[in-house]
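In the working numbering, the protein residues as written are 1 to 99. Here the structure comes first, spelled out in structure tokens, and everything after it is commentary.
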Amino acid sequence: MANVDGSWNTVTKSPMGDQQAVLTVQSAGDSFTGNFSGGLGTTDIKDGKVDGDTLNFSLDITVPMPMTLTVEATVDGDNLNGTVTAGAFGSFPITGTRG
């Protein structure tokens, strides 16, 4: 299992431009808790799962409108790459480095 714990400085390429946020991960076996904090506020991780070097989680946002985002990201050393899915708005790339 990859070491996924820590603070990750992420950038999501969204239709509203690059969204920077810090993803905090604290794993416990095959699950994890944490939060996602950026310019649009801070929200707790929901349903955080760890599968090898892959993180899967969702989070509820209220800005620019209420919706649930789902994220799948792969950890490779101190780098993170994946996809944020925003329902009918489609999917966007997310990248990050461990801070």
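Backbone N, C-alpha and C fix where the C-beta goes; we use that ideal spot for every residue, glycine too. These numbers were taken from a predicted model, which means no experiment stands behind them.
Per DSSP, what are the beta-bridge partners of residue i in this structure?
| i | result |
| --- | --- |
| residue 17 | 14 |
| residue 96 | 10, 80 |
Verify whether the separation of the beta carbon atoms of residue i and residue j is less than 8 Å.
| i | j | result |
| --- | --- | --- |
| residue 10 | residue 23 | yes |
| residue 82 | residue 94 | yes |
| residue 45 | residue 34 | yes |
| residue 25 | residue 41 | no |
| residue 148 | residue 80 | Residue numbering for the chain in the displayed model covers 1 to 99; residue 148 lies beyond these limits and cannot be assessed. |
State the CB to CB distance for the pair residue i and residue j, rounded to an integer number of angstroms; the pair is presumed to be in contact (CB under 8 Å).
| i | j | result |
| --- | --- | --- |
| residue 36 | residue 4 | Actually they are not in contact, since the Cβ atoms of residue 36 and residue 4 sit about 14 Å apart, beyond 8 Å. |
State the Cα-Cα distance for the pair residue i and residue j, rounded to the nearest angstrom.
| i | j | result |
| --- | --- | --- |
| residue 89 | residue 15 | 9 Å |
| residue 67 | residue 59 | 8 Å |
| residue 50 | residue 97 | 18 Å |
| residue 73 | residue 18 | 17 Å |
| residue 38 | residue 20 | 6 Å |
| residue 53 | residue 87 | 24 Å |
| residue 57 | residue 75 | 14 Å |
Hey, could you find the ends of the beta strand (DSSP E) residue i is sitting in?
| i | result |
| --- | --- |
| residue 33 | 31-38 |
| residue 4 | Premise fails: residue 4 is in no beta strand (DSSP E) and is neither H nor E. |
| residue 65 | Per DSSP, residue 65 belongs to no beta strand (DSSP E) and is neither H nor E. |
| residue 82 | 79-85 |
| residue 89 | First-last for residue 89: undefined, no H or E at that position. |
| residue 52 | Run containing residue 52: none; DSSP gives neither H nor E here. |
| residue 41 | 41-44 |
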